[in-house]
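Novice: Numbering (the working numbering), first residue to last: 11 to 851.
Heads up, the beta-carbon is just placed ideally off N, CA and C, and yes, glycines get one too.
First the structure, which I've put down as structure tokens, then a few questions once you've had a look.
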């Protein structure tokens, strides 16, 4: 007893530096119980809050539901902030819950520099988005409980993705992000565009997720573990396997679809049908960043392969160029921002690919190639700030003017000065202009792309020249769409006749979140090294752990001026050509009309969906005949073929009569009664006769239970049979007379063969199951433990309530769901032919 109390006292010792002690976790895991550490609780808190949102929505109708929801991301952001000193010292927080140990599936929460970066983005931007949504979404016009439930599930799923060490738990949360984003994008489900965009994002990202799952299983086949940490330690074994490249391609399919890389980017612009707070959250910190996270997290496993560098680097840089080029022809503010997101994601992805080459120069005293990975991490943060602010600005403009069409906008600078200032900072940061943070990471991007040509491996010293060229051209278009978005919205002539509402400045609540993000753009621009050693370097160390030297800084000091290098001249060229292209856009912009719509990936997607739908309809019409007989034929034929083939190929059929009890006269007589009754049901020309025969069969079965000493089952059978016969007789009273098809069943050879086949297969399976005793019966366990462990005398009742309690509980749940469905049907409003509505109460 003293030991027990001593152990309990140790449980409540909390080390505030690491929030919970290793003793706390290990004790419960060792005992086999379920214990949620605070790190696990941080992941599940949004899910828990989602359960209570509908009650808060109904219970506090005068208070906007967002105020209650705001507590969750704000609390989580503060929780993750306190880990910065720990992670900065290269310490790792790891907490494990054993989920399915037999399959090596654990729910391990793992916090290092990379996961902390994403957790801060998810919760920090999430806090601002929720605050913004309180003023953007009206409590009177919107179903806020649905919105915040979806948003919280999405937030929790993203935290689960970035904090999971086990790939199966990561995949589980990964698909939760697809599901919740589907619900968020389709929030305004009354709109065709919302439903189309939600379906499109769901199909593409789930396709990628299933591909990623295949890659995960290949990794398990190679290394025998789902843990990312353990996979890294088995890197050499994985690289030597012939499954290495296939697993890499499948993992990258998941990452590319989620992060909208070419050619899977087509779902992202259509996701703009979601409310602006959702767009701001998805594009700046969550959904699209999940693929970036996956690539970064799996880099230690794959990065030493040249295939990894070339695939990620080339697809990323082409995506950056292609999306920035297509952003110019957009006329909707959110459309421009959507393509800009695709472009920026391509930029980050290309940096992660190029940064992988640093592993091949790890013996250098100063690894100059690591700048690409550092630039990727830095731009990830910068992109979250300026893209979140710009989406909120787009929402403000739409909210206050009634349109997002830049052809109708203009001259808003004087009417919306605060929004104008935020948009200036955000768009100039996105364009890569000083003194904002986007300029710094853009310069680092140029440095990383230029350094590619200095690498004498993987043919980068020749073909690598394409990287800086494409990067420079893409940056020109990035500069162009950034200034186009800003100047066409806020300068020029005000077109009041084209606006739905008179423009005015937004409420303070809508302005506060983008103001905070704009302030961060300036702060990170002037003081970037706030992030360098606290956030960027730990994240880079997690991506390229082999370069991590304890106690040493390897990212370097970030500053505006590094001398008149090639990066500066590339920036000057971007600005000069960007300005020229903007001023002459009306002349050269006609080239976009040269691209026929039928050659786009959107058209290809639509055609594939139409082909699949038409094919599915044709196949469905072929077997959905409307006759129960047809469906039974399919089911029974499938059963006969599968079971028969299994018995033959596995040599499973066996007859062993050594332990069969003798068959008495009573059993033979009762079996004959059941056979005769069953035949009577089918051949009788009267419904009343069939009902009586059906009851006779049921009561005879209950007599079998009596003979086999199962009085409980016999009583249950008698009660059910009595109720069933009574219900049939009640229904019989209202049935019409038999028609010509029901008065007799003619002999059909096909039906006879199927019936005989089912009977034979079931008999063979039953005989084989009885004859093949692979292990002892569980009956002995129940006999020995029913009284001692469950405290009951009636074995059958104890099995149903205690030993198989979950089965009984789920059966009760099914009955409850059925009851609710029936209740709903009774309450359903029905419209008769005259157009009147009847409601049964």
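Please name the residue or residues paired with residue 129 in a DSSP beta bridge.
Specialist: DSSP output for residue 129 lists no bridge partner at all.
Novice: Fully enclosed by the stretch 307 to 337, which alpha helix (DSSP H) runs are 4 residues long or longer?
Specialist: 316 to 337
Novice: With distances taken between CB atoms, is the gap from residue 98 to residue 548 smaller than 8 Å?
Specialist: Result yes, Cβ atoms of residue 98 and residue 548 sit closer than 8 Å.
Novice: Taking the Cβ atom as the reference point for each residue, do residue 347 and residue 293 lie within a distance shorter than 8 Å?
Specialist: yes
Novice: Excluding the 5 residues preceding and the 5 following residue 155 in the sequence, name in chain order all residues of the same chain whose CB lies nearer than 7 Å to its CB.
Specialist: Taking residue 155 as the centre and dropping the five residues before and after it, the same chain places the C-beta of 63, 64, 67, 75 closer than 7 Å to its C-beta, in chain order.
Novice: Going by Cα to Cα distance, which pick from 309, 672, 437, 81 is closest to residue 555?
Specialist: 309
Novice: Please report how far the alpha carbon of residue 393 lies from the alpha carbon of residue 248, in whole angstroms.
Specialist: 34 Å
Novice: Count the other CB atoms, across all protein chains shown, that sit within 10 Å of the CB of residue 461; report buried if there are 16 or more and exposed otherwise.
Specialist: buried
Novice: Could you check what DSSP says for residue 413 in three-state terms: helix, strand or coil?
Specialist: Residue 413: coil per DSSP, three-state reduction.
Novice: Rounded to the nearest angstrom, what separates residue 892 and residue 326 at their Cα positions?
Specialist: With the chain covering 11 to 851 only, the question about residue 892 has no answer from this structure.
Novice: Just to check my reading of the structure: residue 473 and residue 584 have Cβ atoms closer than 8 Å, yes? What is that Cβ distance to the nearest angstrom?
Specialist: Actually they do not touch by this definition, with Cβ atoms about 23 Å apart.
Novice: Does the contact criterion of 3 or more C-beta pairs under 8 Å hold for the stretch 287 to 305 versus the stretch 330 to 340?
Specialist: Cβ pair count under 8 Å is below three, so no.
Novice: Keeping to the same chain, check which residues put their C-beta closer than 8 Å to that of residue 687; ignore five residues upstream and five downstream.
Specialist: Excluding sequence neighbours, residue 687 sits near 703, 704, 706, 707, 710.
Novice: Beta-carbon separation of residue 49 and residue 103 under 8 Å?
Specialist: yes
Novice: What first and last residue would you give for the alpha helix (DSSP H) that runs through residue 817?
Specialist: 815 to 836
Novice: Rounded to the nearest angstrom, what separates residue 186 and residue 778 at their Cα positions?
Specialist: 43 Å
Novice: Hey, residue 279 and residue 349 are a contact pair by Cβ (cut 8 Å); roughly how many whole angstroms apart?
Specialist: Yes, they are in contact, since the Cβ atoms of residue 279 and residue 349 sit about 6 Å apart, within 8 Å.
Novice: Using beta-carbon positions only, say whether residue 165 and residue 136 come within less than 8 Å of one another.
Specialist: Yes, these two residues count as a Cβ contact at 8 Å.
Novice: In terms of alpha-carbon separation, which member of 661, 221, 245, 505 lies closest to residue 262?
Specialist: 221
Novice: Hey, which unbroken runs of the alpha helix (DSSP H) at 4 residues or more fall wholly within the stretch 232 to 265?
Specialist: Runs found: 238 to 243, 245 to 249.
Novice: Note down, in chain order, each residue of its chain lying with its Cβ closer than 7 Å to the Cβ of residue 60, except the 5 sequence neighbours on either side.
Specialist: 159, 162, 163
Novice: Looking at residue 242: is its Cβ nearer than 8 Å to the Cβ of residue 175?
Specialist: In this structure, residue 175 does not lie closer than 8 Å to residue 242 by Cβ.
Novice: What three-state label does DSSP hand residue 32 in the structure shown?
Specialist: Interpretation of residue 32 is limited by its pLDDT of 38, a score under 50 that renders its predicted location unreliable; the figure taken from the coordinates is listed afterwards. In this structure, residue 32 counts as helix in the three-state DSSP scheme.
Novice: Since residue 411 contacts residue 498 with CB under 8 Å, what's their CB separation in whole angstroms?
Specialist: Not a contact, Cβ separation roughly 13 Å.
Novice: Under three-state DSSP, which class holds residue 342?
Specialist: strand
Novice: Please say whether residue 403 and residue 432 have beta carbons closer to each other than 8 Å?
Specialist: yes
Novice: Distance, Cα to Cα, residue 199 vs residue 205?
Specialist: C-alpha separation (whole angstroms): 6 Å.
Novice: Measuring CA to CA, which of 607, 622, 801, 478 is closest to residue 330?
Specialist: 478
Novice: In three-state DSSP terms, what is residue 42?
Specialist: Only weak support exists for where residue 42 lies, its pLDDT of 37 falling under 50; the coordinates are left without a value.
Novice: With DSSP run on the structure shown, which of helix, strand or coil describes residue 572?
Specialist: coil
Novice: Which residue from 283, 780, 398, 256 puts its Cα closest to that of residue 666?
Specialist: 780
Novice: Could you tell me which whole alpha helix (DSSP H) segments of length 4 or greater appear in the stretch 447 to 482?
Specialist: 447 to 462
Novice: Looking at the strands, I want to know which residues DSSP matches up with residue 176.
Specialist: 237
Novice: Kindly identify the DSSP beta-bridge partner or partners of residue 116.
Specialist: 108
Novice: Assign residue 835 to buried or exposed, taking buried as 16 or more other Cβ atoms, counted over all protein chains shown, within 10 Å of its Cβ.
Specialist: exposed
Novice: Rounded to whole angstroms, what is the Cα-Cα separation between residue 360 and residue 290?
Specialist: 23 Å
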